[in-house]
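Visitor: What follows is a structure written as C-alpha cells; I'll ask about it next.
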Amino acid sequence: MHLRYLAILVPFALLLSAIFVMRTISPLEAGPAGILFVFIFIYGFFLSLSYLTVFWGSRLLVRMGWLHKRNSVNARRSYYIASVLSCLPVFLLAIRSIGQLRILDVVLSIIFVALATFYVIKRT
176 MHLRYLAILV PFALLLSAIF VMRTISPLEA GPAGILFVFI FIYGFFLSLS YLTVFWGSRL
236 LVRMGWLHKR NSVNARRSYY IASVLSCLPV FLLAIRSIGQ LRILDVVLSI IFVALATFYV
296 IKRT
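Our numbering applies: residue 176 is where the sequence shown begins, and numbers increase by one.
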C-alpha cells in the first residue's frame, strides 16, 4: 500500500478507535490509562488530519500560484506545524473535562497555539 493512501486512512482509523473506546468503556472502568488513551487517539486524529490539511493545502496554494515554490511547506515542516495545531482540541477537551471551559479559556488557548505555531514556523 502506498504511503499516501495510508496517510488518508490513518485519521479515520484513529477516529473509529476513539469512538469505539469512548462507547464501550466508561471512564471509571478505564481509569487514568484509558483516559490517556482517549486523549492520545484524539491527538493522533487531529495530528493526521491537520498534517494532511497543511501539506496538501500548501501544495494546492503552490499549484494555484498563490504561494511560491520556495515558500511551500515540505513534509517535515508540515508535521511540525501539525503537531502544534493538533494540541488545541486536546487542550480544549482537557479544560472541558474539568468543567472550566469559558470563552476566555478558548481565546487564551488559541493565542497560545498561534504563538507556538509562529515559533515553529520561524524555527524550521
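Each residue gets a CB set at the ideal place from its N, CA and C atoms; glycine is no exception.
Are SER225 and LEU267 closer than 8 Å when you measure CB to CB?
Guide: Mapped onto the sequence shown, residue 225 falls at position 50. Mapped onto the sequence shown, residue 267 falls at position 92. At least 8 Å separates the beta-carbon of SER225 from that of LEU267.
Visitor: Take the Cβ of LEU235 as the centre, count every other Cβ of all protein chains shown within 10 Å, and call the residue buried at 16 or more, exposed below.
Guide: For the purposes of this step, residue 235 is taken as the residue at position 60 of the sequence shown. The residue is exposed, with fewer than 16 neighbouring Cβ atoms inside 10 Å.
Visitor: Taking the straight line between their C-alpha atoms, what separation do you get for LEU203 and LEU283?
Guide: The residue you call residue 203 lines up with position 28 of the sequence shown. The residue you call residue 283 lines up with position 108 of the sequence shown. C-alpha separation (whole angstroms): 30 Å.
Visitor: Would PHE220 be called buried (16 or more neighbouring beta carbons within 10 Å of its own) or exposed?
Guide: Position 45 of the sequence shown, counting from 1, holds the residue named residue 220. It is buried - the Cβ of PHE220 has at least 16 other Cβ atoms within 10 Å.
Visitor: Against chain B, with Cβ distances strictly below 8 Å, would SER192 count as a contact?
Guide: The chain labelled as chain B is not found in the depicted structure, where only one protein chain is given.
Visitor: For ARG277, name the three-state secondary structure that DSSP assigns.
Guide: Taking the first residue of the sequence shown as 1, we reach residue 277 at position 102. Residue state, collapsed to three classes: coil.
Visitor: Suppose the cutoff is 8 Å on Cβ atoms and the five residues either side in sequence are ignored; what does the same chain contact list for ALA250 look like?
Guide: Sequence index remark: in the sequence shown, residue 250 carries index 75 (1-based). Excluding sequence neighbours, ALA250 sits near PHE230.
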